[in-house]
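Colleague: Take this structure, written in structure tokens, and hold onto it; I'll ask about it next.
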Amino acid sequence: MALLEVNKLTKAFGGLVALNNFVLKMEKGELVGLIGPNGAGKTTVFNLLTGLYQPTSGNIVFEGRDLRGKHPHQITKLGIARTFQNIRLFGNLSVLDNVKIAHQVVTNYGLIPAFFRIPPFNRREAEIEESALKLLEIFDLKKHAYEKAKNLPYGEQRRLEITRALATKPKLLLLDEPAAGMNPQETHDLLELIKWIRDEFDLTIILIEHDMSLVMSLCERVLVLDYGSLIAEGTPQEIQQNPRVIEAYLGDEEVAAWEE
Amino acid sequence: MKKYFSTLIICLVLAVFFVAVQLGINSGAISWYWMTNLYLVGINIILAASLNLINGFTGEFSLGHAGFMAVGAYSSAIITANLGLPFPLAVIVGMLAAALAGLLVGLPTLRLRGDYLAIATLGFGEIVRVVLMNIDYVGGASGLTDIPAMVNWPIIFFSVVLSLLLIRNFICSSHGRACLAVRENDLAAEMMGVNITYYKVLAFVIGAALAGLAGVLYAHYYTVLQPREFSFMLTFNVLVMVMVGGLGSLTGSVVGAVIITIASAFLQAIPELRMVIYAALLIISAVFRPQGLLGEKEVSLNILQKLGGVLSGPVRSKQAH
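Here's what the structure looks like:
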């Protein structure tokens, strides 16, 4: 059984069809890239997968469960986590608290233990803290654990977003332009990081990205969206040679750059 | 070890304060006038802290606190004055009734954001007041009288300490963190698995229940209730306390409640100017210190220690890190 099956997914906002008959099937462990010009509907796919939007037609099946009608927080519990194109950290809270909040879907306790600090409050809080610190250590953020998230440098904020998403113990991770605003060195580190977390955390990943070098060296399969429709699908090599993609997406000047 | 030590010190200070005030009241060293103001400080601390839970920690701008307080005050007064039942039952009924009102108002209105939520909750407060004015069973506009005087210093003291402790425990739990996440970025919170509607309503209900408790104490101290006391001015007063103390700081709410209550006691001689001074205070604090006196910080023994260190020279660094 496929981990994720998206069938003829369509989302219309009034007369504007943001996504049209989108089809995707993913096996466990795959790393798929989603590319396309601005406004092609890439983030709409993520918003539909995470329950932020309800599809106009079509459906999403994750591990055999239909996601239609499910709230975003329920979908997170089922194992889909995401990061955002424009960073959305809990800026005024500490780095540690950012990660602790994401633990709620995995480890929690009732209101009465919270109010009166009775078992299992202490044990569960200790578990959450230990796990959060461990994650921060893995991502080299432990030294900032007690700083406000908004005070971190840009690259580390991006890394914290990924860390926070991983704290929900996802099976499917959606990365929305993780390399946006990063310099080549940071992008290279990110590439290694994404490869590593996929193996280490046993993840299936969908990646939206404008940085072609990142997509082409990372993804086994690439999907191309244009005006809400899927115009191509294949290996990075196939996509690079697909004339429709080159025409619709890359543009004339870019073609020259590709051929170098 | 250090944690238990500071808890011990806080308990000790509170115990000394409690006994000192009790002795002062017994011996007459604290006059009736200042005792009343002291009780009012206690009631206002509960109001400010519970409003802060909604407005400061969860980031929903509610203006319905006078309404919740009125619901708690009147429902508990019905239990003791009209039905002649015991006071502890009145406390429970008052808090539950206010919580229920919070739930009924919260469920539909918390879909609204910012200004709209403020307007809707403001409307709720006014509705409660007008409805109470027209119910003869609770005395209508002339008010409910002959409520038994049940409130004494221990009841006020322990209500305040318990309320603050419960709010503190809530905020420092995974549920409280979820509320903070809603305030910081509700979309991201939702994506991290936080049920944002649940936590908005939860904070609202807890805040309302504690406002109800403040109402119960108010009713059974003054023994007379009139609907006009629960006007928007009351909510405004509490809001000033929260803003001056710092949105998102529990100890700030305590400081704000103490300052504003004491200030209004001194300003009683010039009632016309009192609201002008409040408004000026709010504007000044909004311009020069929009985060309030304490911002989001909490006064703790650690800060006091650091302050002590600054005042008495270099800090002996003994932190375990």
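Here the protein sequences come in this chain order: A and B.
Under the numbering used here, the first residue of the first sequence is numbered 93, with each subsequent residue one higher.
Under the numbering used here, the first residue of the second sequence is numbered 16, with each subsequent residue one higher.
Heads up, the beta-carbon is just placed ideally off N, CA and C, and yes, glycines get one too.
These numbers were taken from a predicted model, which means no experiment stands behind them.
Go ahead and pull the three-state DSSP assignment for A:Gly150.
Modeller: DSSP places A:Gly150 in strand when its eight states are reduced to three.
Colleague: For B:Cys194, does the count of other Cβ atoms within 10 angstroms reach 16, so buried, or fall short, so exposed?
Modeller: It counts as buried.
Colleague: Measure from the C-beta of B:Ser188 to each C-beta in chain A and report whether the shortest distance is under 8 Å.
Modeller: Yes, B:Ser188 counts as interfacial toward chain A.
Colleague: Pop quiz: B:Tyr236 and B:Tyr89 are said to be a contact at Cβ under 8 Å. What is the actual Cβ separation, rounded to whole angstroms?
Modeller: The Cβ separation is near 15 Å, so there is no contact.
Colleague: DSSP has A:Arg313 in a bridge; who is on the other side?
Modeller: DSSP, once it has assigned bridges, lists A:Val124 as partnering A:Arg313.
Colleague: Got a sec: is the Cβ-Cβ distance from A:Asn184 to anything in chain B below 8 Å?
Modeller: A:Asn184 counts as touching chain B.
Colleague: Could you give the distance in angstroms between the alpha-carbon of B:Val330 and the alpha-carbon of B:Ser264?
Modeller: Any reading at B:Val330 must be qualified, since the residue scores a pLDDT of 37, below 50, and its modelled position is unreliable; the value itself is stated next. Distance between the alpha carbons of B:Val330 and B:Ser264 is about 26 Å.
Colleague: Do we get a CB-CB distance below 8 Å when we pair B:Asn200 with the residues of chain A?
Modeller: Yes, because at least one Cβ of chain A sits closer than 8 Å to the Cβ of B:Asn200.
Colleague: I'd like to check one pair, B:Gly109 with B:Gly230: are the Cβ atoms closer than 8 Å?
Modeller: It is a contact, given that the beta carbons lie within the stated cut-off.
Colleague: Kindly indicate the opening and closing residues of the beta strand (DSSP E) around A:Asn112.
Modeller: From DSSP, the beta strand (DSSP E) with A:Asn112 extends over 108–118.
Colleague: Going by DSSP, name the residue or residues bridged to A:Asp318.
Modeller: Note: A:Asp318 sits in a beta bridge opposite A:Ser321.
Colleague: List, in order along the chain, the chain B residues whose C-beta lies closer than 8 Å to that of A:Val197?
Modeller: Here the neighbours are Met207, Gly208.
Colleague: The alpha helix (DSSP H) spanning B:Val106 covers which residue range?
Modeller: Its alpha helix (DSSP H) spans residues 102–124.
Colleague: What is the rounded straight-line gap between the Cα of B:Glu199 and the Cα of B:Thr73?
Modeller: Each residue's Cα considered, the two are about 9 Å apart.
Colleague: For A:Thr168, return the contacting residues in chain B, with the cut-off set at a CB-CB distance below 7 Å.
Modeller: Met206, Met207, Gly208, listed in chain order.
Colleague: Which whole runs of the alpha helix (DSSP H) in the region 213–292 of chain B are 4 residues long or more, in chain order?
Modeller: Counting whole runs of 4 or more residues, the region 213–292 of chain B contains the alpha helix (DSSP H) stretches 247–260, 265–281.
Colleague: At what residues does the beta strand (DSSP E) containing A:Lys240 begin and finish?
Modeller: Careful: A:Lys240 lies outside any beta strand (DSSP E) and carries neither H nor E.
Colleague: Which whole-angstrom value describes the C-beta separation of A:Val314 and A:Gly326, a residue pair presumed to lie in contact below a C-beta threshold of 8 Å?
Modeller: Contact flag correct, Cβ pair sits at about 7 Å.
Colleague: Less than 8 Å between the C-beta atoms of A:Ala206 and A:Thr260, yes or no?
Modeller: Cβ distance not < 8 Å, so A:Ala206 and A:Thr260 don't count as in contact.
Colleague: In whole angstroms, what separates the C-alpha of A:Asn99 from that of A:Val191?
Modeller: Approximately 33 Å between the Cα atoms of the pair.
Colleague: Pull up the distance between the alpha-carbon of B:Leu225 and that of B:Leu177, whole angstroms please.
Modeller: Rounded to whole angstroms, B:Leu225 to B:Leu177 spans 10 Å at the Cα level.
Colleague: For A:Ala340, which three-state DSSP category applies?
Modeller: In the structure shown, A:Ala340 sits in a helix (DSSP, three-state: H, G or I).
Colleague: Pull up the distance between the alpha-carbon of A:Pro147 and that of A:Leu267, whole angstroms please.
Modeller: Rounded to the nearest angstrom, the two C-alpha atoms are 20 Å apart.
Colleague: Pairing CB atoms from the region 184–191 of chain B with CB atoms from the region 37–44 of chain B, are three or more of them under 8 Å?
Modeller: No: the two stretches stay apart, fewer than three of their Cβ pairs being nearer than 8 Å.
Colleague: Do B:Val86 and B:Ala113 have their C-beta atoms closer together than 8 Å?
Modeller: Yes, they are a contact pair.
Colleague: Taking the beta strand (DSSP E) that B:Glu199 belongs to, which residues open and close that run?
Modeller: Premise fails: B:Glu199 lies in the alpha helix (DSSP H), 189–199, not in any beta strand (DSSP E).
Colleague: My guess is that A:Gly143 and A:Lys162 are in contact by the Cβ rule of under 8 Å, so how many angstroms apart are they, rounded?
Modeller: The pair is a contact, with the Cβ atoms about 5 Å apart (cut-off 8 Å).
Colleague: DSSP three-state call for A:Gly273: helix, strand or coil?
Modeller: Note: A:Gly273 maps to coil in three-state DSSP.
Colleague: Might you give, ordered along the chain, the residues of its own chain that have their beta carbon closer than 8 Å to the beta carbon of A:Pro164, omitting 5 neighbours on each side?
Modeller: Contacts found: Thr142, Gly143, Leu144.
Colleague: Give me the residue from B:Ile292, B:Val270, B:Ser268 with the minimum Cα distance to B:Ser279.
Modeller: For the residues B:Ile292, B:Val270, B:Ser268, the minimum Cα distance to B:Ser279 belongs to B:Ile292.
Colleague: Kindly indicate if chain B contains any beta-carbon less than 8 Å away from that of A:His165.
Modeller: Yes, A:His165 counts as interfacial toward chain B.
Colleague: Going by Cα to Cα distance, which pick from B:Val273, B:Phe251, B:Leu147 is closest to B:Leu240?
Modeller: Residue B:Leu147 is the option with its Cα nearest to B:Leu240.
Colleague: When DSSP labels each residue in this structure, what does A:Phe293 get in the three-state scheme?
Modeller: It is coil, neither helix nor strand.
Colleague: Answer with buried or exposed for A:Gly156, where buried requires no fewer than 16 other C-beta atoms within 10 angstroms of its C-beta.
Modeller: Looking at its Cβ environment, which holds fewer than 16 other Cβ atoms inside 10 Å, A:Gly156 is exposed.
Colleague: So, do the region 129–142 of chain A and the region 224–241 of chain A have three or more beta carbon pairs nearer to each other than 8 Å?
Modeller: Result no; under three Cβ-Cβ pairs closer than 8 Å.
Colleague: How about A:Leu203: is its C-beta nearer than 8 Å to some C-beta of chain B?
Modeller: Yes, its Cβ sits closer than 8 Å to a Cβ of chain B.
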